[in-house]
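**Student:** Quick one: structure below, then a few questions.
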Amino acid sequence: MSSSQRSIKCLRCQLQNISRPTRRYHASPILLKKSNEAIGPKTNIDIKRIRTDAEAIKQNCIDRNYKVQASYPERILQLHRSIQGWQKDALPLRQEIKQVEANLKRKHARTPEPEEPSKVQGESVRNEKVDQDELLERARVLKEKLVQIQAEEDAAMDEIVEMAAAIPNSTSDEAPRGHIPKLVDMINEHPNTRNPNRKWRSHTDIGSDLSLLDFAGAATTSGWGWYFLLNEAAQLEQALIQYALKTAMEHGWTIVSPPTMVYGSVAAACGFQPRDQNGETQIYNIAQSAEDVDRKPQMSLVGTAEIPLAGMKAKITFDESKFPMKVVGVSRAYRAEAGARGVDTKGLYRVHEFTKVEMFGWSLPEDSAATALFDEMLSIQTTILKSLGLHCRILEMPSTDLGASAIRKRDIEAFFPSRQNIEDGFGEVTSASICTDYQTRRLATRVRAKNGTLGFPFTVNGTAMAVPRVLAAILENGWDEEREEVKIPEVLWPWMGGMKVITRK
56 MSSSQRSIKC LRCQLQNISR PTRRYHASPI LLKKSNEAIG PKTNIDIKRI RTDAEAIKQN
116 CIDRNYKVQA SYPERILQLH RSIQGWQKDA LPLRQEIKQV EANLKRKHAR TPEPEEPSKV
176 QGESVRNEKV DQDELLERAR VLKEKLVQIQ AEEDAAMDEI VEMAAAIPNS TSDEAPRGHI
236 PKLVDMINEH PNTRNPNRKW RSHTDIGSDL SLLDFAGAAT TSGWGWYFLL NEAAQLEQAL
296 IQYALKTAME HGWTIVSPPT MVYGSVAAAC GFQPRDQNGE TQIYNIAQSA EDVDRKPQMS
356 LVGTAEIPLA GMKAKITFDE SKFPMKVVGV SRAYRAEAGA RGVDTKGLYR VHEFTKVEMF
416 GWSLPEDSAA TALFDEMLSI QTTILKSLGL HCRILEMPST DLGASAIRKR DIEAFFPSRQ
476 NIEDGFGEVT SASICTDYQT RRLATRVRAK NGTLGFPFTV NGTAMAVPRV LAAILENGWD
536 EEREEVKIPE VLWPWMGGMK VITRK
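What the sequence shown shows, in this note's numbering, is residues 56 to 560, in sequence order.
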């Protein structure tokens, strides 16, 4: 066999080796890691709105004290313009590649394969081979350029998505701008009104005298910010949980027992970032071995049941007839509370782990529907706190106090006699927030309208019971100095074994 015959290769095989450049969806270790997460919701942020309304979004970030994120809209615009330029550069490359591939296919279609080629035929085959090699080389060069352009485009798009995900939600007109909340209403009269000469004690002292709280033992086992609830205090915790659940269920809320460990990406999708605006760590992440860092997704302990409850419906599309959907869940909550040392460090007010009853709802993507759910949550919160006999104030929270996901938030603060030198004695015991489609876009929870169009439902969340703070308020407000006992609110009696007061042992 002649050398010319041995040099002939199947052009179809050669063409198969020239593959189209593909997007590098998982080109980096971070993206590889994310791709392995079982939940894997595909974020669908409205980036077009960020580009078209960049200045307003920048101002919203400033109003909410998201100083770093305020620069993101302009950066997204710059990257978008770069992507448009790269796409323009890539167009003639793709067109030429298409032409080269067409030429190669035509040559393959007419290339003879004689059993005994003549001298003239052999020369023709060699020339044909030279032309084919030149076309193959040209295709390779073009595709290398295209791959490089695609890599730059993908990197820019990854940066855009990352920045877009970090931009906070818009802010409702109901939220005061700045840092001062607006007083909306009061619950129950101030206890000083009934007895101005009443003597108050801190729940830490009451808990120690009545053998209800053990902070020293918790400091030995776990450190600052943990506690043991003893005797009637442990009973009170269960009573508060059951009362909150009963009240929510009477309003049509479905009870759920959620996990307290979630993927870090689910927490982030709900607006809970590993670090706050001051760079302080606020979420407990589960440690990973070196070999698992790039193979397994990061896990985090939840700061509220809101996170797993929101994630429960990730990647699911619901018919609009299913809304509103309302769930209430009990879980342990974990807060790093970094940067809080020296502030409320004594007692139950600021701790690292506690029990919390959380309400979470999905509504149709309409402001009126979300507001109706929000108002229902506030009504439940008010009912619970009023029946516990606690003096409270309801506040419309300002823009600087809103979490990333919320457009609006109302807090209810109870009166703590031990805190009269701090915030006039008031401290937060519940909150309720409207998050519009911030969470559902990041968790791929969708609603299908009757006409078949898809949208993203709105989410609303609210505290039904933050146990340690409410328990502390009950101890302080129910304390009787003369009798040295604590009166238990009547609504909790069914879960206290007939007990109506807590006395010394």
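Every residue gets a Cβ at the ideal spot worked out from N, C-alpha and C, and that includes glycine.
Please read these numbers as outputs of a predicted model, since none were measured by experiment.
Please list, in chain order, all residues of the same chain as L547 whose beta carbon is under 8 Å from its beta carbon, the five residues on each side excluded.
**Tutor:** Around L547: L291, A294, L295, Y298 and L443.
**Student:** Mind checking V383: buried by the 16 CB within 10 Å criterion, or exposed?
**Tutor:** The residue in question, V383, is buried, as its Cβ has 16 or more Cβ neighbours within 10 Å.
**Student:** Could you tell me if Q598 is buried or exposed, where buried requires 16 or more neighbouring beta carbons within 10 angstroms of its beta carbon?
**Tutor:** The chain is shown from 56 up to 560; residue 598 falls before or after that span and cannot be answered.
**Student:** If you count every other CB in all the chains shown that lies within 10 Å of the CB of A220, and 16 or more means buried, which is it?
**Tutor:** It counts as buried.
**Student:** Rounding to the nearest angstrom, what Cα-Cα distance links K122 and M432 in this structure?
**Tutor:** 31 Å
**Student:** Taking all protein chains shown into account, decide if P251 is buried (16 or more other Cβ within 10 angstroms of its Cβ) or exposed.
**Tutor:** exposed
**Student:** Would I105 and I112 be called neighbours here (beta carbons separated by less than 8 Å)?
**Tutor:** yes
**Student:** Candidates F511, D144, L191 and E192: which alpha carbon is nearest A425's?
**Tutor:** F511
**Student:** Could you tell me whether the region 481-501 touches the region 368-388, where touching means 3 or more Cβ pairs closer than 8 Å?
**Tutor:** yes
**Student:** What are the boundary residues of the alpha helix (DSSP H) that includes K432?
**Tutor:** Strictly speaking, residue 432 in this sequence is Met, with Lys absent from that position. First-last of the alpha helix (DSSP H) with M432: D422 to S442.
**Student:** If the criterion is Cβ atoms closer than 8 Å, does the pair I117 and A125 meet it?
**Tutor:** The Cβ atoms of I117 and A125 lie closer than 8 Å to each other.
**Student:** Residues in the same chain with beta-carbon distance under 8 Å from N247, minus the five sequence neighbours each way, listed in chain order, please.
**Tutor:** R253
**Student:** Could you check which residue in F270, R149 and P313 has the C-alpha nearest to that of G366?
**Tutor:** P313
**Student:** Is the beta carbon of L445 sitting closer than 8 Å to the one on N532?
**Tutor:** yes
**Student:** Where does the unbroken beta strand (DSSP E) through M241 begin, and where does it stop?
**Tutor:** K237 to I242
**Student:** Under three-state DSSP, which class holds F511?
**Tutor:** coil
**Student:** Would you give the residue range spanned by the alpha helix (DSSP H) that Y298 belongs to?
**Tutor:** N286 to E305
**Student:** Taking W417 as the reference, which of H258, L428 and H234 has the closest Cα?
**Tutor:** L428
**Student:** At the level of alpha carbons, what is the spacing between D264 and L300?
**Tutor:** Cα to Cα, D264 sits roughly 30 Å from L300.
**Student:** Based on the DSSP output, what are the partners of R387 in its beta bridges?
**Tutor:** T410
**Student:** If you run the structure through DSSP and keep just helix, strand and coil, what is A342?
**Tutor:** coil
**Student:** Quick check on Y493: does DSSP put it in helix, strand or coil?
**Tutor:** helix
**Student:** Who are A206's beta bridge partners in DSSP?
**Tutor:** Answer is none; A206 lacks a bridge partner.
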